[in-house]
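One line per chain: the protein sequences are A and B, in this order.
Per the numbering used here, the very first residue in the first sequence carries number 1; after that it's consecutive.
Per the numbering used here, the very first residue in the second sequence carries number 379; after that it's consecutive.
To start, the structure under review is shown below, and the notes come after it.
There are 2 protein chains.
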Amino acid sequence: MKRARLFTPGPTAVPDEVLAALGRPLVHHRTQAFGDALTEVMCDLQYIMQTQNPVVVLSSSGSGGMEACVVNLTAPGEKVIVTELGKFSNRWREMAQTYGVEVVSVSAEWGHAVTPDQVAAAFTAHPDATALLTIHSETSTGVLQDVEAFAQIAHRHDALIVVDGITSVGCHDVRTDEWGLDAVVGGSQKGVMTPPGLAYVSLSPAAIQKMEGRRHASYYFDLVKAVKSAGKADTPYTPAIPLVFGLQAALRMMREEGLENVIARHAANAGAVRAAVSAMGLSMLAETPSNATTAVLIPDGRAGDITKKMEHEHGVKIAGGQQHLNGHIVRLGHLGFYNAADMLTLVTAFETVCHELGLVDARGPGVEALGAAYGGGA
Amino acid sequence: MKRARLFTPGPTAVPDEVLAALGRPLVHHRTQAFGDALTEVMCDLQYIMQTQNPVVVLSSSGSGGMEACVVNLTAPGEKVIVTELGKFSNRWREMAQTYGVEVVSVSAEWGHAVTPDQVAAAFTAHPDATALLTIHSETSTGVLQDVEAFAQIAHRHDALIVVDGITSVGCHDVRTDEWGLDAVVGGSQKGVMTPPGLAYVSLSPAAIQKMEGRRHASYYFDLVKAVKSAGKADTPYTPAIPLVFGLQAALRMMREEGLENVIARHAANAGAVRAAVSAMGLSMLAETPSNATTAVLIPDGRAGDITKKMEHEHGVKIAGGQQHLNGHIVRLGHLGFYNAADMLTLVTAFETVCHELGLVDARGPGVEALGAAYGGGA
């Protein structure tokens, strides 16, 4: 029996309850049934994002949600500061430049976070910057950034802070309101345990005020329209209906578990995986690791051998590295619907394969450390 | 037992085979399994669109597909001709104007088609127009337009013809290559019997050449990237994976039925519904009716009474009118997964409700005419 298991940092594992919701008979979106589901979804997204701000749901990937932020929260001729520390945070720059926005990049080597001091220096040098486009958890490297500190700096300079929270919402404490995050973008196929196809964006009063003024041209990603429709439990264009019902099912599970427990579970899983990797004698890329994914440095460019062997022999799908890290890291995903038993599956397959490939000396220390990290048994 | 049935012109009824495909265990999009499904989907879309042009699949509603055409196939400062005859064809103007494109409108009263002579006159008056943005089946009125004739005119003036085929692909003969349609946009929740969340766009060599030159800024809807990815059985951003598998299942059914039979079935269903409506003594809005939906004129602004009663008492969801036609028409949908038995359900409920509301004198002539139209029995 070949049983495929997803351990990528997105798309992530989907609970049966969510799959079942996808397959329900289709209802029209202009019905009470759909409006109720959308309302519940938006309310539950506020819960996991810890915000009273409206959260709009867009039928697109997370990148569509990011573009919606760029076109609505910046205007032609403006200047923004972007933290660049990996593939996804670089995307903010690419998008802003696509729209002719001037970009001041503050960068860190892949594997490191940008420091608050760097961000502060950029704002001091560019006091006319209108927004900071940044990322909480950089999926390509598994690095977590201090967006709370970034927010304070941005606000001191009267700039908006726009956060890619695509792999942090639902696995880290994202205190949208307390920290003052003006926009936070998420994607359905990440911490919220649903297949890809939906993005969601929270928008602060300052963000809404900004987008009601000058901004870029856009039709499908017009967030003024989206916020207005959301207030009527509707969407401007036909939504991906089954995915909204899937997301409803997933968010119900998360609410039942409780946000604190969800975050604690992710911290425990991520911590246990890191302990296992260390015990195997391997190094990790991220200086300040995210709970979403653990990027493991693989010697001799042999990461591809590991990902292939894990997929073909164990049915365990993990991710490799992107761009210059291709071949040099693997990314073990623990974002979403995973518990200790899943981590045991993941680490057992990983350690077995690394041992067979001669990349680690012994077989066992990883799994043992994993169990110990959970307090005695996986 | 309340059994809900969708007879709206989108979202349309979804076969069980498609619902089952949505609920399958999620696979990653960077796998052979997903690449094979996407390749099959793109190939089957070429089949129903009768084209050798690449057809790209976008994770968005049909409106997203339209916007992708506007941003990629027009450039700042250009002029386009738009046929306006209802809510969805008007959207081309709104989108083009959002991007600062000059729009020459050629309009017809709602319920009528724009004539080829009108389009030719517009091109003669505006020889600098670079594209005609038009619609095949106008969903808000149920009107079909002669896009074959439009294409000849556009090409005589060296302009591209960009067609909203959202409610014509899969229910009408759309001869993309024979007629020379440069771009045709479709949506998953229409003739291809899948829930909403995907758009698809075919692009001629001339369209591709145009978009490789000057165009508007866009990131998520960058069709140059989309075409390039499609050639590698991939998408630039994470796709709505379950919907692609759903679309695969739906298109297999359509290929098995055969495109000619699919179109003939739609013509038979639409013709039978029109015969029924006439026999009931009611009038229809569309001068040149589409096979997607039949717009029926309702006296005394009582369309809302009909749609509510049909939904609540019969579980049959139909659509009302939009904008100034709200209250004055109902739209009976027969686009997609319907046969004679479904039309019998639809017409029986419609005639019963119209009779109960005193809008028609007798109960029976509609159903009788429906049966006769099918050759003796529904």
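Cβ coordinates follow ideal geometry from the N, Cα and C atoms, glycine included.
Predicted model only: the values in this text are computed from it and were never measured.
Presumed contact (8 Å Cβ cut-off) between residue i and residue j, rounded CB distance
i              : j              : result
L629 (chain B) : L423 (chain B) : 7 Å
R5 (chain A)   : K317 (chain A) : 7 Å
A383 (chain A) : G65 (chain A)  : As shown, chain A starts at 1 and ends at 378. That puts residue 383 (chain A) outside it, with no answer to give.
P387 (chain B) : A608 (chain B) : At roughly 28 Å, the Cβ-Cβ gap does not stay under 8 Å, so P387 (chain B) and A608 (chain B) are not in contact.
T517 (chain B) : G714 (chain B) : Not confirmed; about 13 Å, so no contact.
V458 (chain B) : A529 (chain B) : Actually they do not touch by this definition, with Cβ atoms about 15 Å apart.
A240 (chain A) : P505 (chain B) : The pair is not a contact, with the Cβ atoms about 42 Å apart (cut-off 8 Å).
Y598 (chain B) : S63 (chain A)  : 6 Å
R643 (chain B) : Y425 (chain B) : Contact doesn't hold; Cβ gap of about 16 Å is too wide.
L85 (chain A)  : A113 (chain A) : 6 Å
H157 (chain A) : N291 (chain A) : The pair is not a contact, with the Cβ atoms about 30 Å apart (cut-off 8 Å).
S439 (chain B) : S89 (chain A)  : Incorrect: roughly 28 Å between the Cβ atoms, too far for contact.
Cutoff 8 Å; reference residue i; Cβ partners in own chain excluding five residues on either side
i              : result
H533 (chain B) : I539, G558
M662 (chain B) : G520, R652, V655, S656, T672, A673, V674, L675
G736 (chain B) : none
A303 (chain A) : G320, G321, N326, G327, H328, I329, V330
Q145 (chain A) : T83, L85, A113, V114, T134, I135, H136, S137, E138, T288
L400 (chain B) : P573, P620, L621, F623, G624
Residue i, DSSP secondary structure in three states
i              : result
P76 (chain A)  : coil
S438 (chain B) : coil
A378 (chain A) : Note that A378 (chain A) scores 43 on pLDDT, short of 50, meaning its location in the model is unreliable; the coordinates nonetheless yield the value given after this. Coil.
E109 (chain A) : coil
L625 (chain B) : helix
W179 (chain A) : helix
G371 (chain A) : helix
F528 (chain B) : helix
R741 (chain B) : coil
D44 (chain A)  : helix
H172 (chain A) : strand
D164 (chain A) : strand
S580 (chain B) : strand
R3 (chain A)   : coil
G65 (chain A)  : helix
Close Cβ partners of residue i (< 6 Å) along its chain, the five nearest in sequence each way excluded
i              : result
L601 (chain B) : A446, N450, M589
V82 (chain A)  : W92, R93, V103, S105, L133
G35 (chain A)  : A233
Q322 (chain B) : Nothing about residue 322 (chain B) can be read from this structure; chain B reaches only from 379 to 756.
E526 (chain B) : W557
G548 (chain B) : I426, G569, V570
D683 (chain B) : L735
Close-in-space but distant-in-sequence residues of the same chain around residue i (CB under 7 Å, 5 per side omitted)
i              : result
A349 (chain A) : M310, H314, V316
T194 (chain A) : V14, V18, S188, L243, G246, L247, A250
Q701 (chain B) : K465
G543 (chain B) : H514, V552, V562, V563, G564
T176 (chain A) : M49, Q50, T51, N53, V184, S202
L332 (chain A) : F7, V273, T293, T294, V296, I318, L346, F350
C421 (chain B) : none
A207 (chain A) : L73, L160, D182, A183
A33 (chain A)  : V27
A20 (chain A)  : none
A486 (chain B) : L463, V492
P743 (chain B) : A657, M658
I531 (chain B) : P494, V497, A498, F501
Interface flag, residue i vs chain A, CB-CB below 9 Å
i              : result
A486 (chain B) : no
I684 (chain B) : no
M589 (chain B) : no
Q496 (chain B) : no
Y760 (chain B) : This structure gives no information on residue 760 (chain B), because the portion of chain B shown stretches from 379 to 756.
L511 (chain B) : no
A673 (chain B) : no
T409 (chain B) : yes
L384 (chain B) : yes
is_contact[residue i, chain B] using C-beta, thresh 9 Å
i              : result
A249 (chain A) : no
G23 (chain A)  : yes
H334 (chain A) : no
E313 (chain A) : no
Y47 (chain A)  : no
Q145 (chain A) : no
K87 (chain A)  : no
**Item:** Within the stretch 268-354 of chain A, ranges of the beta strand (DSSP E) (whole runs, at least 3 residues)
**Value:** 293-297, 329-333
**Prompt:** At which residue ranges does the stretch 211-242 of chain A contain complete beta strand (DSSP E) runs of 3 or more residues, listed in the order of the chain?
**Reply:** none
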